[in-house]
Every structure is written in C-alpha cells, then in structure tokens.
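Q: Please read through the structure below; I'll follow up with questions.
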Amino acid sequence: MEDAAKKHKMLPFWALIIIDALGICAGLGVYLLFDYVMPHRLDVKTEVVAEVDSDKSFELPSDSSAAGDADSEAEPAESISEHDLGRAKRPSLRGDSEPEREDGKRNLSNQYTYNVDSDEDEFERILDASTSIELLGHGRTDNADVSVYKKSVLDGDEKITYFIADVYVSNAGDILTAFAEDTYGKNIKDTVYNMAEENNALFAVNGDYYGNAENGIVIRNGVKYRDTINDADVLVLYTDGVMRAYHPEEFDMDKVLEQGAWQAWNFGPSLLDGKGGLNPTFNTTSYLNSKNPRSAAGYVEPGHYVFTTVDGRDRGYSSGATLSELAAILAKEGCVYAYNLDGGKSAMMYFDGRILNLPDGGGRDMSDIIYVEKQEGE
Amino acid sequence: MKKLSRILPHITIILAGMFIVFWILDILNPTMNFVNRRLSNKLLLIFCISAIISSVIAVYYERKNRK
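Residue numbers (numbering that gives the first Met the number 0), protein chains in the order written: chain A, 0 to 377; chain B, 0 to 66.
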C-alpha cells in the first residue's frame, strides 16, 4: 500500500514549474546549437549575373594628391584638427557620369517593416564637431588607392573614435567580397583577419554576415547565391561603379540584375538619402539604433567609396555611434549614400596585415568580408 | 495514453516558452528572424500538434469527471 502511495506521490507544483523552465532553457540551447553554431554548407544553384565592365574605368587620384607615399606601409602618425572638415568635403555630385536610377523613397513602412525616426540634432552635432585626424597608412596598386585614417569627434564620455578607409578603384570589379573558408553556407565563419590574409587583401572590412540569416539577397563578385528578399534594406554595387541603397518594398530583383549587380548586401539600414542628407527614417528597430560599434559602406561617386568602422562600448576611448551619428560620419566624408553593415563585435577593419580598430570583446568570427586586393606578387 | 497526457502539457509549455523568447528576440533584432527560420517552422508544427492533443485530452477528462 505504501509503495503504491509513493508511486502516486506527485511532485510539488513549484518543482514542475522549475522543470519546465529548465526544459525551455535546454530547448533554446539545443535550438541555438543546431541553427546558430553548427556550420552547414549550402549547395545552392548559383548564377553568374554580372561580369566586370572593363570599358568602365575610373581615374585613380594622382600620387601627389594621395595621402602619404605609394607604399602600403603605415605612415607615421599625423594629427590634424580641422573644424568643419566634413562640410568642406561634401560631395560634388557627378550627376552626368551616373546612369539614371530610381532614387530611394522613404517612409514605405507597413506592418512588416520597422521604421525609426532619425535624429537630425545628432547628425548636425557630428557634422559641426571638430575632427581629430591621424593618417594610419596608404596603399596603392595599379587598380586601387586606399588611405586609412583614425579619426575622433566629441570629447569625454561622448568621444567617438572611428576608422575611415578612403577607397578609389579603377573599376567596380576591384571592390571584392569573400566568404569564410571560401564557402557559401550557414554558420561557416572565420576572422576578418584570416579572410583578408587568405584573399591577399590590402584593405578589408566585415560584410553583412549573410550566413546568420536564411533570407536576404546575396550577390557576390557577380554571382547570385540567394534572391529571397527580407525586411532589411539592400545595398547594390553595380558593374558601372554606381552604388544604390533600396528599401525592400522598392527593390526589384529583375531590374537590379538587368542593370548589372556586381555585389549586393542585405543588412542596413540605409543612412543617407542619395544627396548626402540624412534619411528621415531608418528601416530598423529603436533597439538597434543605440550607440554601438559599427561598420558601414559609403558611396561618393563611381569608383570612389568610403568604408568606416566605429569602435564602441568603451567610454572615454569611443562610446560607439547611433545610426544618425554613423550617417553624419559618412556624410562628412562626402558620401551621398551610406549603408550600415554588421556591427557590434563584428565591426572590424583590416589594412596591410593588421586589424586597425579595437573590436569589442576582441571581435568575433563572421561569414564574409569586403576587400580590395593587393597587387599580385606583393 | 496516461503517459502521453502527462508529457504533452510539458512539451507544450516548453515550446510555448521557446517561441515567446524567439518573439522577443525578433522584436529587438528583426534580422535574426528566429520565428521564421526553417527549424522554427518545424517546431511550430510540433507545438500545434502537441497543443491540440493535450487540449483534446483535457476536454475529454473534464467531460468524464463531470459525468
């Protein structure tokens, strides 16, 4: 009788709740292990959608106008404090050299998109702030000219330290991308440093971490890997050197492919309105708009691109940037379009054999980079 | 049947808890898109089946006890 009673003795209710809570944690752990950690090679049907347009070549800046000498060695630190440098560098739109494309319309929100108002005050504050500039290095090949700077704005706890790569290429095909382990797949990751070294890069910056998502446009070096649209903005670099950011609702895959998409990234949001002004809204959430380490790509004109990596989460050295502040950093460099890439621990910039910035927590492995190649044999 | 009726509510609770976590994570960072992943879709199906069966069992016992 006692045995039967023991058998039917039920666990107390609080113990059941604890067991179920532990079950939820275990379930989440197993889920993350399968879906977020274990690498999966994806055998997809790839398609070559664009080839380098060799007729379209852009002039590189003359050596005398380039920062520093022609070697890829780091220059001695040179500090310049220049007020309003950005405004002086605001773009001279070479409208005549650009093919006509529909400009990005904003405020296209519906229940599937996440719009956050941009902050004009933050944008203006960074534009008006004096910038401390240190030239870190300059590299030149037959096809590219890259100057990298360490810059900082504001003071004290608000100080923002960021790295700028001013990239000129003679052809859009010289802006290259690479996958970790040279493989397209999910959770296949490597450090930015390793990917840059393996691909003989002069300069590299982290990409959009495509391997973390199941949807989204992936076109790399003229090859289409994925064409499922998600809710994030898309950045396209065309073979004629033009770069455009699109809201998902205005993105037309067929049109983009017709026009020769050399690269396409799907992260965002798009930061500038195509004229160097701040986008009134960002296609993101307010949580992602907070101060963070960030990487971004900017477009000045065909053949001239600016990449930035902002350090963060280290008050006194660099607090990180909100999206409006990031937009201002790139507007200051003369960009008309700017696009947020993966940030946080992913934000890393490589130049000539070293990582320039101080990645949060030492950085993390990720799935792709954007890079400019060194001269063959270098 | 008895074992099933004991286990299923816990499976339902665990899966419901997981989807609440996914939903919160997706609100914070929609790029992660946890709710719409392929694996999540399979879990959602298991969640629905488990919820239906445990509800049917609960209704059955409730009616039986009333009699």
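Even glycine gets a Cβ: it sits at the ideal position worked out from N, Cα and C.
Since we're looking at a predicted model, the values are computed, not measured.
What are the boundary residues of the alpha helix (DSSP H) that residue 18 of chain B is part of?
A: 1 to 27
Q: Under 6 Å Cβ to Cβ from residue 58 of chain B, same chain only, skipping five residues before and after it: list those, please.
A: none
Q: Name the two residues that bound the continuous beta strand (DSSP E) containing residue 122 of chain A.
A: Here residue 122 of chain A belongs to no beta strand (DSSP E); instead the alpha helix (DSSP H) covers 119 to 127.
Q: Should the segment 126 to 133 of chain A be regarded as contacting the segment 309 to 319 of chain A, the criterion being three or more beta carbon pairs within less than 8 Å?
A: no
Q: Using the C-alpha atoms, what's the distance from residue 222 of chain A back to residue 334 of chain A?
A: 26 Å
Q: List the whole-angstrom C-beta distance separating residue 19 of chain B from residue 49 of chain B, where the pair is believed to meet the contact cut-off of C-beta under 8 Å.
A: Between residue 49 of chain B and residue 19 of chain B the Cβ distance is about 16 Å, and since that is not below 8 Å, they are no contact.
Q: Keeping to the same chain, check which residues put their C-beta closer than 6 Å to that of residue 378 of chain A; ignore five residues upstream and five downstream.
A: The question about residue 378 of chain A has no answer, for chain A in this structure spans 0 to 377.
Q: Straight-line CA distance for residue 428 of chain A to residue 346 of chain A?
A: Outside the displayed range of chain A (0 to 377) lies residue 428 of chain A, so it cannot be described from this structure.
Q: Can you pull the chain B neighbours of residue 27 of chain A, defined as C-beta to C-beta under 9 Å?
A: Listed along chain B are 16, 17, 20, 21, each with a C-beta nearer than 9 Å to that of residue 27 of chain A.
Q: Given that residue 42 of chain A touches chain B, what residues does it touch there, using C-beta distances under 8 Å?
A: The premise fails here: residue 42 of chain A is roughly 15 Å from chain B at the closest Cβ pair, so nothing lies under 8 Å.
Q: Could you check if residue 0 of chain B is buried or exposed, using at least 16 other CB atoms within 10 Å of its CB as the buried criterion?
A: exposed
Q: Looking only at C-alpha atoms, which of A:316, A:121, A:175 sits nearest to residue 359 of chain A?
A: A:316
Q: Residue 271 of chain A bridges to which residues according to DSSP?
A: A:277
Q: Could I get the ranges of all uninterrupted alpha helix (DSSP H) runs contained in the segment 288 to 348 of chain A, with 4 residues as the minimum, in chain order?
A: With a minimum length of 4 residues, the continuous alpha helix (DSSP H) runs that stay inside the segment 288 to 348 of chain A are 322 to 331.
Q: Considering just the uninterrupted stretch of the beta strand (DSSP E) at residue 171 of chain A, what are its terminal residues?
A: Per DSSP, residue 171 of chain A belongs to no beta strand (DSSP E) and is neither H nor E.
Q: Would you decide whether residue 80 of chain A is buried or exposed? Buried here means 16 or more other CB atoms lie within 10 Å of its CB.
A: Low local confidence applies: a pLDDT of 46 at residue 80 of chain A is under 50, so the model's placement there is unreliable, with the coordinate-based value given in what follows. Its Cβ having fewer than 16 others within 10 Å, residue 80 of chain A is exposed.
Q: Quick one: Cα of residue 304 of chain A to Cα of residue 155 of chain A, how far?
A: When rounded, the separation of the alpha-carbon atoms in residue 304 of chain A and residue 155 of chain A is 30 Å.
Q: Which residues, in chain order, does the segment 226 to 238 of chain A contribute to contact with chain B at a C-beta distance below 8 Å?
A: 229, 230, 231
Q: Over what stretch of residues does the alpha helix (DSSP H) that includes residue 59 of chain B continue unbroken?
A: 37 to 65
Q: Measure the alpha-carbon distance for residue 299 of chain A versus residue 336 of chain A and round it to whole angstroms.
A: 7 Å
Q: What does the Cβ neighbour count give for residue 152 of chain A, buried or exposed, with the cut at 16 atoms within 10 Å?
A: Looking at its Cβ environment, which holds 16 or more other Cβ atoms inside 10 Å, residue 152 of chain A is buried.
Q: On the three-state DSSP scale, how would you describe residue 282 of chain A?
A: strand
Q: Under 8 Å, do residue 207 of chain A and residue 266 of chain A count as touching if we go by C-beta distance?
A: yes
Q: Have a look at residue 56 of chain B and residue 30 of chain A and give me their C-alpha separation to the nearest angstrom.
A: Looking at the backbone, the Cα of residue 56 of chain B and that of residue 30 of chain A are separated by about 28 Å.
Q: Residues in the segment 248 to 270 of chain A with C-beta within 8 Å of chain B's C-beta atoms, listed in sequence order?
A: 266
Q: With burial defined as no fewer than 16 other Cβ atoms inside 10 Å of the residue's Cβ, what is the status of residue 45 of chain B: buried or exposed?
A: A residue is called buried once 16 or more other Cβ atoms fall within 10 Å of its Cβ, and residue 45 of chain B, having fewer, is exposed.
Q: Would you check if the distance between the CB atom of residue 326 of chain A and the CB atom of residue 122 of chain A is smaller than 8 Å?
A: Cβ distance < 8 Å, so residue 326 of chain A and residue 122 of chain A count as in contact.
Q: Taking the DSSP output, what are the residues bridged to residue 369 of chain A?
A: A:176, A:204
Q: Apart from the five residues just before and just after residue 182 of chain A, which ones in its own chain have a Cβ nearer than 8 Å to its Cβ?
A: 40
Q: How about residue 220 of chain A: is its C-beta nearer than 8 Å to some C-beta of chain B?
A: no
Q: Taking all protein chains shown into account, do 16 or more other C-beta atoms lie within 10 angstroms of the C-beta of residue 349 of chain A, making it buried, or fewer, making it exposed?
A: buried
Q: Can you give me the Cβ contacts of residue 343 of chain A inside the same chain, cut-off strictly under 7 Å, excluding the 5 residues immediately before and after it?
A: Excluding sequence neighbours, residue 343 of chain A sits near 291, 292, 359.
Q: What did DSSP end up calling residue 266 of chain A once you bin it into helix, strand or coil?
A: coil
Q: Report the start-end ranges of each beta strand (DSSP E) in the segment 231 to 262 of chain A that is 3 residues or longer and not cut off at the edges.
A: 233 to 237, 242 to 245
Q: Kindly say whether residue 212 of chain A, judged by its beta-carbon, lies nearer than 8 Å to any beta-carbon of chain B.
A: yes
Q: Any beta carbon from chain A within less than 8 Å of residue 64 of chain B's own beta carbon?
A: no
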